Each structure stands twice: as C-alpha cells, then as structure tokens.
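See structure below.
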Amino acid sequence: MITELVLAAAMAAESPQAPPARELAPGVHLIPGAILPGRGPDGNTVIFEAPDGLIVVDTGRHDWHSDAIVSFAATRQQPVAAIFNTHWHLDHSSGNGRMKSIFPDAPVYATRAIEGALAPGGFLVRNLERTRERAADPATPEGEREEMRIYLATMEDRRSLLPDVAIERARRMRIAGRRLDVRVTDGAVSAADIWLYDRRTRIAVLGDLVTLPAPFFESACPDAWRAELDAAWATPFRLAVPGHGEPMTRDQFNTYRLAFGAFIDCVNSAAEAARCASGWGDAVAQLVANDTARAEARAYADYYVGFLRQNGGASPDCAN
Numbered sequence: 000m001i002t003e004l005v006l007a008a009a010m011a012a013e014s015p016q017a018p019p020a021r022e023l024a025p026g027v028h029l030i031p032g033a034i035l036p037g038r039g040p041d042g043n044t045v046i047f048e049a050p051d052g053l054i055v056v057d058t059g060r061h062d063w064h065s066d067a068i069v070s071f072a073a074t075r076q077q078p079v080a081a082i083f084n085t086h087w088h089l090d091h092s093s094g095n096g097r098m099k100s101i102f103p104d105a106p107v108y109a110t111r112a113i114e115g116a117l118a119p120g121g122f123l124v125r126n127l128e129r130t131r132e133r134a135a136d137p138a139t140p141e142g143e144r145e146e147m148r149i150y151l152a153t154m155e156d157r158r159s160l161l162p163d164v165a166i167e168r169a170r171r172m173r174i175a176g177r178r179l180d181v182r183v184t185d186g187a188v189s190a191a192d193i194w195l196y197d198r199r200t201r202i203a204v205l206g207d208l209v210t211l212p213a214p215f216f217e218s219a220c221p222d223a224w225r226a227e228l229d230a231a232w233a234t235p236f237r238l239a240v241p242g243h244g245e246p247m248t249r250d251q252f253n254t255y256r257l258a259f260g261a262f263i264d265c266v267n268s269a270a271e272a273a274r275c276a277s278g279w280g281d282a283v284a285q286l287v288a289n290d291t292a293r294a295e296a297r298a299y300a301d302y303y304v305g306f307l308r309q310n311g312g313a314s315p316d317c318a319n
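All residue numbers for the sequence shown refer to numbering that gives the first Met the number 0, where the first residue is 0 and numbers rise by one.
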C-alpha cells in the first residue's frame with residue numbers, strides 16, 4: 000500500500016491541470032469532469048471513502064483527470080480499492096488502465112455491455128483503422144491527433160475496460176467494506192449501465208443518465224433511458240450526481256427528467272426539429288450556467304433530433 004501511494008503522489012505531481020476534489024458529503028467526493036477547447040470530455044468522477052480504501056466511480060479520459068484521482072488517493076493515504084464504470088463510454092473509462100497500473104488489486108465493476116462495444120463491428124472498433132490513419136497523418140491538427148492517440152492507447156489496453164466483476168442485476172453490495180445499492184439498466188445510455196445509490200448520504204451517482212447541456216444518444220435506447228430516469232426519481236436521493244454537469248437537487252433532477260420525456264415525445268412527433276430543440280433548451284435553461292451553455296443545449300438537441308429520427312427513434316446500437 001505504501002508503495003502504491005508514493006507512486007500515486009509522484010505521478011499526480013507531474014500535472015498542474017488536475018482539478019481538485021470537492022466534498023459532497025462526509026466520505027463522498029466529486030472530481031468534476033470538463034470539456035477543454037479542442038478536446039474530448041472527461042466525465043465526472045465520484046469517490047467514496049470505505050473502510051478498505053477508495054471506491055472510484057468513473058475514471059475519465061485524460062491524464063490530467065486521472066491525476067486528480069491519484070492525487071486524492073495520495074492525500075488521503077488510501078489506495079483505490081475498487082473501480083466502477085457506469086458505462087463503457089471512454090470519457091468515463093479510459094482512466095482504468097492508469098488506475099490499474101498503480102492499484103493493480105482494484106477490481107473493475109462494470110456490465111458486460113462493453114463486450115458488445117469491443118466486438119467486431121462494435122461501436123468502439125468500427126473506426127479503429129481510420130483513426131490510426133488520421134492519427135498518423137501530419138495534416139491532422141495536433142489536438143485532434145492527441146485525442147486519437149488517447150483512444151488508440153485505450154484500445155491497445157482494452158482489457159482494462161472489461162469487468163473483473165460483471166454486474167448483471169441490481170443488488171445491494173458491500174464494496175471495500177462500504178454498502179452501496181447497485182442498479183443496472185436494461186438499455187438506456189448503452190446496452191446496460193450502472194448507477195449507484197448510497198443510503199448513508201442519500202447521494203445517487205447516475206453516470207450519463209443525466210448529462211448537461213444535453214443527453215448524448217450515440218449508443219442510446221431512449222425509451223429505456225426514460226424509464227430508468229423514472230426509476231431513479233422513485234429512489235429517495237437528496238443529491239444526484241450526473242455524468243456531466245453539476246450535482247442536482249431532487250427538484251433539479253425532476254426538471255431534467257420531465258424535459259427528457261418531453262424531448263423524446265417531440266422527437267417521436269411530426270414537430271419541426273427547431274421546436275424540439277428550443278423546447279429542450281428552454282426546459283433546462285435553469286440547469287445550465289450561462290447563455291453559451293444554453294445555446295449549446297439547443298444545438299445538441301437539434302443535432303439529436305435528426306440523429307434519432309434518421310435511426311427510427313434510437314441509436315443503431317440499441318438492441319431493445
């Protein structure tokens with residue numbers, strides 16, 4: 000354990016960009032994700048302190064995000080004892096390899112949906128060769144090439160994305176000595192996702208079931224997603240942590256939940272795309288920080304109206 004923490008401290012010290020952790024409740028901390036200009040996103044990371052170490056929920060994409068996780072572990076003088084991936088999107092799981100290199104005994108808890116994404120023709124491998132070519136092309140802008148290199152490195156280390164403990168059904172589990180309610184979706188953001196509820200603090204960690212400024216539908220089953228938001232609403236949480244964006248009160252979550260349902264209804268209607276997009280933007284205006292984010296909300300929504308309608312109301316990867 001001491002060796003792991005010394006290594007963690009040394010690696011974290013190399014990155015001045017690591018965002019600081021914020022305490023949400025005693026023993027529960029948030030490392031906020033971000034989208035830097037010209038870069039892919041990092042999802043939010045939630046860390047639970049447990050008797051046997053730290054439970055890390057989602058590990059981000061970039062080194063500067065995983066630096067914040069290892070820095071937190073070093074500061075707390077606790078090892079990472081377990082890793083949860085709410086879903087397989089790489090902005091939530093690319094950091095697994097880094098975590099496992101420092102804390103090799105920390106199992107990854109995830110669903111088997113990642114296996115489909117990694118199968119021949121699956122979401123994560125469809126553009127692999129094209130990405131290799133573009134990453135090697137000197138005409139590709141350096142920022143884009145760096146993002147491609149991260150993707151390619153993750154795919155080279157794809158074993159770190161696979162579950163050591165496959166979660167296939169909802170249950171109450173003791174992880175590193177701390178009890179958590181582990182919920183599993185039947186389709187939603189991906190073919191199967193995990194979200195967590197901590198009864199002690201009444202915090203729900205929802206992954207990309209909630210994202211701002213808009214939901215991301217690339218691998219989604221919207222009807223199952225909508226049902227899972229209703230299931231989360233039925234849980235007596237006081238604070239919900241989204242996959243992207245600030246933690247939400249119950250009222251804020253309900254605003255999002257109702258806006259999501261209204262958006263899907265609009266997509267499935269004959270309404271103009273602009274009407275659906277503006278409806279989404281207006282509904283979540285109070286949940287985003289500024290006019291720029293509100294404009295982004297409408298732009299994302301407008302894009303996803305077309306995406307969903309072109310694919311029969313769901314992602315082509317939705318098997319439900």
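Heads up, the beta-carbon is just placed ideally off N, CA and C, and yes, glycines get one too.
Here the structure is a predicted model, which means the values were calculated and not measured.
Practice item. Report yes if the C-beta distance between L35 and V45 is below 7 Å; otherwise report no. Key: Not closer than 7 Å, so no.
Review point. According to DSSP, is F102 helix, strand or coil?
Key: F102: coil per DSSP, three-state reduction.
Review point. What's the call for D136, buried or exposed, on a 16-neighbour Cβ count within 10 Å?
Key: The residue in question, D136, is exposed, as its Cβ has fewer than 16 Cβ neighbours within 10 Å.
**Study point:** Span separating the alpha-carbon of A213 from that of G244
**Key:** Put simply, the backbone Cα of A213 is about 10 Å away from that of G244.
Check your understanding: Going along the chain, which residues of its own chain have a beta-carbon closer than 7 Å to the beta-carbon of R198, five neighbours each way excluded?
Key -> Apart from sequence neighbours up to five positions away, the residues of its chain that approach R198 with a beta-carbon distance below 7 Å are D180, ordered along the chain.
Check your understanding: Got a sec: does the ligand MN put a non-hydrogen atom nearer than 6 Å to the Cβ of T153?
Key -> For the ligand MN, the structure offers nothing, since it holds no ligand at all.
Exercise for review: Use the C-beta contact count for P78: other C-beta atoms within 10 angstroms, 16 or more gives buried, fewer gives exposed.
Suggested key: Buried, since its Cβ has 16 or more Cβ neighbours within 10 Å.
Point to revise | Residue range of the alpha helix (DSSP H) that includes V204 | key: Premise fails: V204 lies in the beta strand (DSSP E), I202 to T210, not in any alpha helix (DSSP H).
Check your understanding: Is it the case that the Cβ atoms of R225 and G186 are separated by a distance below 7 Å?
Key -> No, the Cβ-Cβ distance between R225 and G186 is not below 7 Å.
Exercise for review: Could you please give me the residues that DSSP links to G52 through a beta bridge?
Suggested key: Per DSSP, the beta bridge partners of G52 are A49.
Check your understanding: Does the region 94–104 touch the region 123–134, meaning 3 or more C-beta pairs lie closer than 8 Å?
Key -> Verdict: no, contact absent.
Review point. Between C265, Y196 and F216, which lies nearest to A233 when the distance is taken from Cα to Cα?
Key: The option with the nearest alpha carbon to A233 is Y196.
Exercise for review: Reducing DSSP to helix, strand and coil, say where V304 ends up.
Suggested key: V304: helix per DSSP, three-state reduction.
Review point. Taking Cβ positions, are W194 and R177 nearer each other than 7 Å?
Key: Contact flag unset, no.
Exercise for review: List the DSSP bridge partners of R21.
Suggested key: Bridge partners of R21: L29.
Exercise for review: State buried or exposed for I263, treating a residue as buried only when at least 16 other CB atoms are found within 10 Å of its CB.
Suggested key: Buried, since its Cβ has 16 or more Cβ neighbours within 10 Å.
Practice item. Would you tell me roughly how many angstroms separate the C-alpha atoms of M147 and R131, rounded to the nearest one? Key: Cα to Cα, M147 sits roughly 8 Å from R131.
Check your understanding: To which residues of the same chain is C317 closer than 6 Å at the C-beta, ignoring the five residues directly before and after it?
Key -> Hits under 6 Å: C220.
Practice item. Keeping to the same chain, check which residues put their C-beta closer than 8 Å to that of N253; ignore five residues upstream and five downstream. Key: Same-chain partners within the cutoff: W232.
Check your understanding: Applying the criterion that 16 or more other CB atoms from any shown protein chain within 10 Å of the CB defines a buried residue, is N95 buried or exposed?
Key -> N95 comes out buried.
Point to revise | Inter-residue spacing [alpha-carbon to alpha-carbon] between A9 and T74 | key: Annotation note: pLDDT 47 at A9 (below 50); position unreliable, coordinate value reported separately. Distance between the alpha carbons of A9 and T74: 12 Å.
Check your understanding: Can you round the beta-carbon distance between P40 and A81 to whole angstroms, since I take them to be within the 8 Å contact cut?
Key -> Distance from P40 to A81 at the Cβ level is roughly 24 Å; contact not present, criterion being Cβ atoms closer than 8 Å.
Check your understanding: Are there 16 or more other CB atoms within 10 angstroms of the CB of S268, so buried, or fewer, so exposed?
Key -> Per the 10 Å Cβ criterion, exposed.
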